[in-house]
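*Asks:* Note that UniProt numbering has the sequence shown beginning at 1, numbered continuously upward. One structure coming up, written as structure tokens, with questions to follow.
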Amino acid sequence: MGGIVAKFRSDLVLVVKTGDRKGAGTDANIYAFIEDVNGNRNAETKLDNWLRNDHERNSTGFYTVPSEPKRNRDDKCEQSEQTALGKPAFLVLWRDRSGFADDWFVERVELRTRGSKQVLATWPLHRWIKADKKYRFAVNDCLLPQKDTSISQRLEELRERRGLFEMSQNFEGAPPQCRNPPLAAFPLDARELTSLRSRMEHKLISGSTSAWCSLDDLKNIYKLGFQEPSAIHCWKSDAWFAAQRLQGLNPTAIKLCTRLPECLSGSRNGGQISVDNLELERTMKEKKLFIIDHKILRNLPCRDDRMVVAPVGLFGVDTRGELRPLAIHLFPDAAADNVLFSPSDPPYTWMLAKMFFNMADAMIHRSWLWYGLCHLLPESIWVSANRCLSSSHPIYKLLEPHLRPVIRANSYLQCELMSPGGWMDSTTSIGMRGLQAIIGRAFEDFHIIDDLDIRKVITRNGTGDKTLKEYPFRDDALQVQDAIRTYICAVLEHHYLNPADITEDSELNRWCDEMSKSRRKGGCQIKFSPFRVFHRLLIVRAC
1 MGGIVAKFRS
11 DLVLVVKTGD
21 RKGAGTDANI
31 YAFIEDVNGN
41 RNAETKLDNW
51 LRNDHERNST
61 GFYTVPSEPK
71 RNRDDKCEQS
81 EQTALGKPAF
91 LVLWRDRSGF
101 ADDWFVERVE
111 LRTRGSKQVL
121 ATWPLHRWIK
131 ADKKYRFAVN
141 DCLLPQKDTS
151 ISQRLEELRE
161 RRGLFEMSQN
171 FEGAPPQCRN
181 PPLAAFPLDA
191 RELTSLRSRM
201 EHKLISGSTS
211 AWCSLDDLKN
221 IYKLGFQEPS
231 AIHCWKSDAW
241 FAAQRLQGLN
251 PTAIKLCTRL
261 PECLSGSRNG
271 GQISVDNLEL
281 ERTMKEKKLF
291 IIDHKILRNL
301 PCRDDRMVVA
311 PVGLFGVDTR
321 GELRPLAIHL
331 FPDAAADNVL
341 FSPSDPPYTW
351 MLAKMFFNMA
361 DAMIHRSWLW
371 YGLCHLLPES
381 IWVSANRCLS
391 SSHPIYKLLE
401 PHLRPVIRAN
411 SYLQCELMSP
421 GGWMDSTTSI
431 GMRGLQAIIG
441 RAFEDFHIID
451 DLDIRKVITR
461 NGTGDKTLKE
471 YPFRDDALQV
481 QDAIRTYICA
491 VLEHHYLNPA
501 DITEDSELNR
511 WCDEMSKSRR
521 KGGCQIKFSP
531 FRVFHRLLIV
541 RAC
């Protein structure tokens, strides 16, 4: 606060934080005043400090504001009355068009006392302020639409947003995305930095390695500061291969086996697959037999019409309670030439079967679990949220810190990695053709409530702690989910005080309808029942 010069005596200070987004700072003049719960307001104040460039990107400014209510000339009140503002209720904020760069993104505003620096009110705004428009924000800026007195401001905000955030089907069968994301959504300097880093790493690797003649030659990559993976010393073992099913790229694919698929039900060369010399039927009855079926890859269309495996893996829990692989079929058909691989095969034959299985795991992870589920689906949800939820809505406040970067990130991914002839096409067997097919197949069967609730998934898969005692993903994911659920419940129950608060929330209703609506009708086509969402909110309110 070193450069601040007070213009008048006051006990109140407005602390204004300008955001760190590109172009967030402004040269425009900013004005504000405070309204209290009794309807009184102080005089409007220009938020400006002498001899200082205010409201620059990622800066914080401190501005004295009048602590007494504004009086009209015909005010007949005695001097002893209304000597100070009451409890703050609203912030009114606006800017003009002056200056070369007048755009302004305000992150947060606080009202403090000058002496004790006590925070009297906070407005976490996180939004662009348009010129010549007065914005009125309630304290905390977090209200359901039916409880907001500035409803016309919310409606105007949503009308503008629906023009900016339009749905577009960029990949056949995939969740829709933003039609025309603004160029500023992913700054050029960040793109160049990412590209420069990739080129530098490539130079370091190519300069420190020669052509690979064996798998051990891969170790030469991990030089000059590149960390050596911990699995480099154990990746060949069956124990590590089994552990990857429980804590690897695709940790929810494993399921309790209650019936053997046709391709695994027969014997191989006269010998039965067994777990500690126990027959499979007995092992299944004891709930010690597990299966992973990557049938989603069956007859997958790929780049240059290549063929990829669609493996089925069988795993069993031994007497020590450890999971280990029993057999792998690289294709799900019970054809005579569809070889069944097991640990009794020659070492390199069995190793190659496991490598093909891991490759299939990686393709599903890269296509659906990473790109589809963690990038495309969040973008679809975020675009719809911007179309239907005001920035002042509690659910928008919960989503914004996590989903705001997703459109920017996806724009970069599509330009640099997922474009025709890009990284995906040039370095993988499936290419973009196979990636899109996997995403389309997975999204067709995806249900957002049933498939993202870890407890539901674990119960459906039969992989609870009574059947699989060692399951790191399950144990960690349940704790994370419970922590998130506890936080979300605390926020929602604060705002949804009764069933009417849920049913009368017009923005929530519209958002749920748009997400469940088909893509042809401009929706996200996410499978879920809006009624179940409302029912869950009611349960949350009661818990």
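All C-beta atoms, glycine included, are put in the ideal place defined by N, C-alpha and C.
When you compare only the Cα positions, how much space is there between Gln79 and Glu68?
*Replies:* For Gln79, the pLDDT reaches just 46, beneath the cut-off of 50, and the residue's location in the model is therefore unreliable, although a value from the coordinates is still provided. When rounded, the distance between both Cα atoms is 11 Å.
*Asks:* Three or more beta-carbon pairs under 8 Å between the region 342-357 and the region 480-493, yes or no?
*Replies:* With the cut-off at 8 Å, the region 342-357 and the region 480-493 do not touch.
*Asks:* Give the secondary structure of Trp94 by DSSP, where H, G and I count as helix, E and B as strand, and everything else as coil.
*Replies:* Three-state result, Trp94: strand.
*Asks:* Would you mind giving the Cβ-Cβ distance between Ser429 and Arg306, rounded to the nearest angstrom? I have them listed as a contact below 8 Å.
*Replies:* At roughly 5 Å, the Cβ-Cβ gap stays under 8 Å, so Ser429 and Arg306 are in contact.
*Asks:* To the nearest angstrom, how far is the alpha carbon of Leu14 from that of Lys521?
*Replies:* Distance between the alpha carbons of Leu14 and Lys521 is about 46 Å.
*Asks:* Roughly how many whole angstroms lie between the Cα atoms of Arg259 and Tyr371?
*Replies:* Each residue's alpha carbon lies about 32 Å from the other.
*Asks:* Quick one: residues in its chain with C-beta nearer than 7 Å to the C-beta of Pro88, no 5 flanking neighbours on either side, listed in chain order?
*Replies:* Hits under 7 Å: Ile34, Asp36, Leu111, Leu120, Ala121, Val139.
*Asks:* Based on the DSSP secondary-structure assignment, which residues constitute the bridge partners of Pro472?
*Replies:* BP columns for Pro472 are empty, so no partner.
*Asks:* To the nearest angstrom, how far is it from the Cα of Arg303 to the Cα of Glu400?
*Replies:* One C-alpha to the other measures close to 37 Å.
*Asks:* How far does the beta strand (DSSP E) with Thr349 in it extend, from its first residue to its last?
*Replies:* No beta strand (DSSP E) holds Thr349; the alpha helix (DSSP H) holding it covers 347-364.
*Asks:* CA-CA distance, Arg161 and Phe331?
*Replies:* Rounded to whole angstroms, Arg161 to Phe331 spans 48 Å at the Cα level.
*Asks:* Should Tyr396 be labelled buried (16 or more other beta-carbon atoms within 10 Å of its own) or exposed?
*Replies:* Tyr396 should be labelled buried.
*Asks:* Kindly indicate the opening and closing residues of the alpha helix (DSSP H) around His402.
*Replies:* Per DSSP, His402 belongs to the alpha helix (DSSP H) from 394-403.
*Asks:* Quick one: residues in its chain with C-beta nearer than 6 Å to the C-beta of Ile454, no 5 flanking neighbours on either side, listed in chain order?
*Replies:* Answer for Ile454: Ala477, Leu478, Gln481, listed in chain order.
*Asks:* For the alpha helix (DSSP H) containing Val383, name the first residue and the last one.
*Replies:* Counting along the chain, the alpha helix (DSSP H) containing Val383 begins and ends at 377-388.
*Asks:* Note the first and the last residue of the continuous alpha helix (DSSP H) segment covering Glu228.
*Replies:* Here Glu228 belongs to no alpha helix (DSSP H), and DSSP marks it neither H nor E.
*Asks:* How many Å lie between Lys420 and Gly464 at the Cα?
*Replies:* Reading the sequence as shown, one finds Pro at residue 420 and not Lys. Answer to the nearest angstrom: the Cα atoms are 42 Å apart.
*Asks:* Apply the 10 Å Cβ neighbour rule to Gly25 and answer buried if 16 or more other Cβ atoms are within range, or exposed otherwise.
*Replies:* Counting Cβ neighbours within 10 Å, Gly25 comes out buried, since at least 16 surround it.
*Asks:* Does any residue of chain B have a CB that is nearer than 9 Å to the CB of Gly39?
*Replies:* The question asks about chain B, but that chain is absent: this structure has only one protein chain.
*Asks:* Going by C-alpha to C-alpha distance, which of Ile292, Arg282, Ile296, Pro301 sits closest to Asp318?
*Replies:* Per the Cα distances, Arg282.
*Asks:* Using beta-carbon positions only, say whether Asn42 and Lys70 come within less than 9 Å of one another.
*Replies:* The answer is yes: Cβ separation under 9 Å.
*Asks:* With Lys134 and Trp94 assumed to form a contact (beta carbons below 8 Å), what rounded beta-carbon distance in angstroms separates them?
*Replies:* Yes, they are in contact, since the Cβ atoms of Lys134 and Trp94 sit about 4 Å apart, within 8 Å.
*Asks:* Please identify the residue among Gln153, Gln146, Lys130 whose C-alpha is closest to the C-alpha of Phe137.
*Replies:* Cα-wise, what sits closest to Phe137 is Gln153.
*Asks:* Once DSSP output is grouped into helix, strand and coil, what is the label at Trp104?
*Replies:* Three-state result, Trp104: coil.
*Asks:* Mind checking which residues open and close the alpha helix (DSSP H) that includes Asp425?
*Replies:* Run containing Asp425: 423-427, per the alpha helix (DSSP H) assignment.
*Asks:* For Asp132 and Leu249, which I take to be in contact (beta-carbon distance under 8 Å), what is that distance rounded to the nearest angstrom?
*Replies:* With a Cβ gap of about 52 Å, Asp132 and Leu249 do not count as contacting.
*Asks:* Exposed or buried, which one is Ile291 when buried takes at least 16 other CB atoms within 10 Å?
*Replies:* With 16 or more other Cβ atoms within 10 Å, it is buried.
*Asks:* Work out the CA separation of Leu85 and Asp48 for me, nearest whole Å.
*Replies:* Answer to the nearest angstrom: the Cα atoms are 22 Å apart.
*Asks:* Alpha carbon to alpha carbon, how far is Tyr348 from His329?
*Replies:* Answer to the nearest angstrom: the Cα atoms are 16 Å apart.
*Asks:* Taking 8 Å as the line, does the beta carbon of Pro346 fall inside it for any heavy atom of the ligand MN?
*Replies:* The ligand MN is not part of the structure shown, which contains no ligands of any sort.
*Asks:* Would Glu379 pass as a contact of Leu398 if the rule is Cβ separation under 9 Å?
*Replies:* Contact flag unset, no.
*Asks:* Round the Cβ separation of Ser392 and Cys142 to the nearest angstrom and send it over; I've been treating them as touching at under 8 Å.
*Replies:* At roughly 6 Å, the Cβ-Cβ gap stays under 8 Å, so Ser392 and Cys142 are in contact.
*Asks:* Which residue from Thr60, Lys147, Thr64 puts its Cα closest to that of Arg108?
*Replies:* Per the Cα distances, Thr60.
*Asks:* For the beta strand (DSSP E) containing Gly406, list its first residue and its last residue.
*Replies:* Looking at the sequence provided, one finds Val at residue 406 rather than Gly. No beta strand (DSSP E) holds Val406; the alpha helix (DSSP H) holding it covers 406-416.
*Asks:* Hey, Asp216 and Pro261: beta-carbon distance below 9 Å or not?
*Replies:* No; because the gap between Cβ atoms is not below 9 Å, this pair is not in contact.
*Asks:* Less than 8 Å between the CB atoms is what I'm expecting for Val312 and Leu297, so what's the real figure, rounded?
*Replies:* Not quite, the Cβ-Cβ distance comes to about 11 Å (not below 8 Å), so this is no contact.
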